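In what follows, a structure is listed as structure tokens, so that the remarks can point back to it.
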Amino acid sequence: MEENLMKIDIHETILPMIDFQEVAALVKEAAGLFCDNAAAAHITAKGRADFVTEVDLAVQRTLCGRLAEKYPMIQFMGEEKDNREIDFERPLWILDPVDGTTNLIHHFPESCISLALAERHEVVAGMIYNPWMEELFLAVKGQGATMNGKPIHVSDSAVLSDSLVSVGTTPYSHEYADRVFSQIKNVFLRSQDIRRLGSAAMDLAYVACGRVDAYFEQFLKPWDFAAGMLIVREAGGEVTDYQGKPISPEHPQSVLATNGKIHDELTGVLSLEENTDGLPVGEGTGTNREVLH
Ligand code: IPD
Ligand code: CA
Ligand code: CA
369 MEENLMKIDI HETILPMIDF QEVAALVKEA AGLFCDNAAA AHITAKGRAD FVTEVDLAVQ
429 RTLCGRLAEK YPMIQFMGEE KDNREIDFER PLWILDPVDG TTNLIHHFPE SCISLALAER
489 HEVVAGMIYN PWMEELFLAV KGQGATMNGK PIHVSDSAVL SDSLVSVGTT PYSHEYADRV
549 FSQIKNVFLR SQDIRRLGSA AMDLAYVACG RVDAYFEQFL KPWDFAAGML IVREAGGEVT
609 DYQGKPISPE HPQSVLATNG KIHDELTGVL SLEENTDGLP VGEGTGTNRE VLH
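So, in structure tokens, the structure goes:
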């Protein structure tokens with residue numbers, strides 16, 4: 369492996385060496401494992417409400433093996449392995465074998481494989497596949513984003529009051545629940561409504577294709593957001609932390625993804641200290657609701 373890594377000139381991009389149709393075929397094949405109900409029911413707890421099933425392990429094992437056969441020069445970072453040896457200067461895959469494991473356990477059809485390719489500390493390609501919807505989201509840096517081969521774009525909602533916002537609950541860190549739900553409430557009071565899908569990667573894919581106008585969640589891991597971050601950007605959206613600062617696939621991060629138009633408004637609302645129950649009359653009511661009144 370180390371010998372192969374040395375063959376890549378660090379100033380060259382890995383992208384021309386990748387056949388993304390071939391990688392997509394591997395991802396779709398591995399996603400067949402999601403339908404193994406016995407494996408999905410074979411659960412080990414990693415932490416409070418944080419589970420790994422035999423499906424997570426089998427998908428990672430399969431993809432790690434197949435990608436290493438095809439691309440031995442690329443490192444592999446996966447949620448269910450020790451990633452301490454990763455060198456972010458050199459090319460690496462970043463895999464979440466099942467994003468939405470709790471959904472998978474409950475047969476709630478919002479889960480996916482999320483696979484990113486990074487080099488020189490930056491994500492250069494992202495792929496998200498939801499086998500329940502048979503939807504493949506793909507983006508390559510500088511080449512736009514697609515769903516099942518068709519170009520996708522973020523929504524054009526210009527104000528938060530006209531926006532549908534997907535939220536994450538930071539489910540494995542209940543100690544932050546007060547702050548997390550206070551922020552969610554502040555956004556809820558100023559938007560059309562909120563959604564909770566239970567898969568950060570699907571949340572990001574849905575921002576990219578305009579099904580929701582924004583998504584935010586604290587303390588995501590690189591494999592939760594690496595692929596989706598690029599897909600949103602290539603679909604015309606914006607992805608930062610809650611303060612509007614750039615995020616990196618090297619560390620856990622708080623992630624705010626929007627269509628770009630409501631980004632500043634959301635960073636403002638997320639910075640509010642506590643939830644605002646007593647909104648002034650008119651604030652927090654969207655144009656649609658004003659029409660209904
Ligand atoms: C989780 C899901 C969930 C999000 C968590 C993630 P997992 O990933 O994306 O929606 O709220 O923060 O950790 O555990 O299903 O891979
Ligand atoms: Ca995840
Ligand atoms: Ca996972």
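Under the working numbering, the first residue of the sequence shown is numbered 369, with each subsequent residue one higher. By construction, the Cβ of each residue, glycine as well, lies at the ideal position given by its N, Cα and C atoms. Source: prediction; values computed, not measured.
Is D524 a contact residue of ligand 2, with contact defined as CB to any heavy atom under 6 Å?
Here residue 524 is taken as the residue at index 156 of the sequence shown, counted from 1. D524: no, Cβ never under 6 Å from ligand 2.
Could you name each continuous beta strand (DSSP E) segment of 3 residues or more that falls completely within the region 590-654, going from the start of the chain to the end?
606-608 and 621-626
Would DSSP call K438 helix, strand or coil?
Position 70 of the sequence shown, counted from the start, is the residue given in the question as residue 438. Correct three-state label for K438: helix.
Which of the three DSSP states, helix, strand or coil, is assigned to D561?
Taking the first residue of the sequence shown as position 1, residue 561 is located at position 193. D561 falls in the strand class under three-state DSSP.
Tell me whether A399 sits in a helix, a strand or coil according to DSSP, three-state version.
One-based indexing of the sequence shown puts residue 399 at position 31. In this structure, A399 counts as helix in the three-state DSSP scheme.
G596 and A573 look like a contact to me (Cβ under 8 Å); what is the Cβ gap, rounded to whole Å?
The sequence position of residue 596 within the sequence shown is 228, counting from 1. The sequence position of residue 573 within the sequence shown is 205, counting from 1. Sure, about 6 Å apart at Cβ, within 8 Å.
Rounding to the nearest angstrom, what Cα-Cα distance links H668 and F402 in this structure?
Residue numbering for the chain in the displayed model covers 369 to 661; residue 668 lies beyond these limits and cannot be assessed.
So, with DSSP's three-state summary, where would you put M501?
Stepping through the sequence shown from its first residue, residue 501 is reached at position 133. The answer is coil: DSSP assigns M501 none of H, G, I, E or B.
Identify the continuous alpha helix (DSSP H) that holds A526 and give its terminal residues.
Within the sequence shown, residue 526 is the residue found at index 158, counting from 1. Per DSSP, A526 belongs to no alpha helix (DSSP H) and is neither H nor E.
Quick check: L383 and V492, are their CB atoms within less than 7 Å of each other?
As a working mapping, residue 383 is identified with position 15 in the sequence shown. As a working mapping, residue 492 is identified with position 124 in the sequence shown. A contact, by the Cβ cut-off of 7 Å.
Where do the N-terminal and C-terminal ends of the beta strand (DSSP E) with I481 fall, by residue?
Counted from its first residue, the sequence shown places residue 481 at position 113. C480 to E487 is the extent of the beta strand (DSSP E) around I481.
Counting Cβ pairs, one atom from each stretch, are 3 or more of them under 8 Å apart for the region 453-468 and the region 433-445?
With a cut-off of 8 Å, the region 433-445 and the region 453-468 count as touching, because enough Cβ pairs lie within range.
In the DSSP assignment, what are the bridge partners of V508?
By one-based count along the sequence shown, residue 508 stands at place 140. Partner(s): A493.
Given a cut-off of 7 Å on the beta-carbon distance, is the pair I478 and L565 in contact?
Numbered from its first residue, the sequence shown carries residue 478 at position 110. Numbered from its first residue, the sequence shown carries residue 565 at position 197. Per the sequence shown, residue 478 should be read as Glu rather than Ile. Yes, the Cβ-Cβ distance between E478 and L565 is below 7 Å.
Tell me whether the beta-carbon of P459 lies closer than 7 Å to the beta-carbon of E487.
Stepping through the sequence shown from its first residue, residue 459 is reached at position 91. Stepping through the sequence shown from its first residue, residue 487 is reached at position 119. Yes. Within cutoff.
Just tell me which of P620, F556 and M385 has its CA closest to the CA of E447.
Walking along the sequence shown from the start, residue 447 turns up at place 79. E447 has its Cα closest to that of P620, out of P620, F556 and M385.
Out of D424, F549 and E457, which has the shortest C-alpha to C-alpha gap to A409?
As a first step, residue 409 must be located in the sequence shown, where it is residue number 41. The candidate whose alpha carbon is nearest that of A409 is D424.
May I ask whether a heavy atom of ligand 2 can be found less than 6 Å away from the beta carbon of D571?
Residue numbering aside, residue 571 sits at position 203 when the sequence shown is read from its first letter. No, the beta carbon of D571 sits no closer than 6 Å to any heavy atom of ligand 2.
In chain order, what residues have a CB nearer than 5 Å to some heavy atom of ligand 2?
D464, D467 and D592
Helix, strand or coil: which one does DSSP assign to E543?
Counting from 1 along the sequence shown, the entry for residue 543 is found at position 175. Note: E543 maps to helix in three-state DSSP.
Can you give the beta carbon distance from A582 to V533, rounded, assuming they're within the 8 Å contact cut?
By 1-based counting over the sequence shown, the position of residue 582 is 214. By 1-based counting over the sequence shown, the position of residue 533 is 165. Contact flag correct, Cβ pair sits at about 5 Å.
Rounded to a whole number of angstroms, what is the C-alpha to C-alpha distance between L483 and A594?
Translated into the one-based positions of the sequence shown, residue 483 becomes position 115. Translated into the one-based positions of the sequence shown, residue 594 becomes position 226. L483 and A594: Cα-Cα distance of roughly 8 Å.
What I want to know is whether the C-beta of E447 ends up closer than 6 Å to one or more non-hydrogen atoms of ligand 3.
On the sequence shown, position 79 is the one that residue 447 refers to. Yes, since a heavy atom of ligand 3 falls inside the 6 Å radius drawn around the Cβ of E447.
Take the Cβ of G650 as the centre, count every other Cβ of all protein chains shown within 10 Å, and call the residue buried at 16 or more, exposed below.
Looking up residue 650 in the sequence shown gives position 282. Caution applies to G650, whose pLDDT of 38 falls short of 50 and renders its modelled position unreliable; the value that the coordinates give is listed next. Answer is exposed; the Cβ neighbour count stays below 16.
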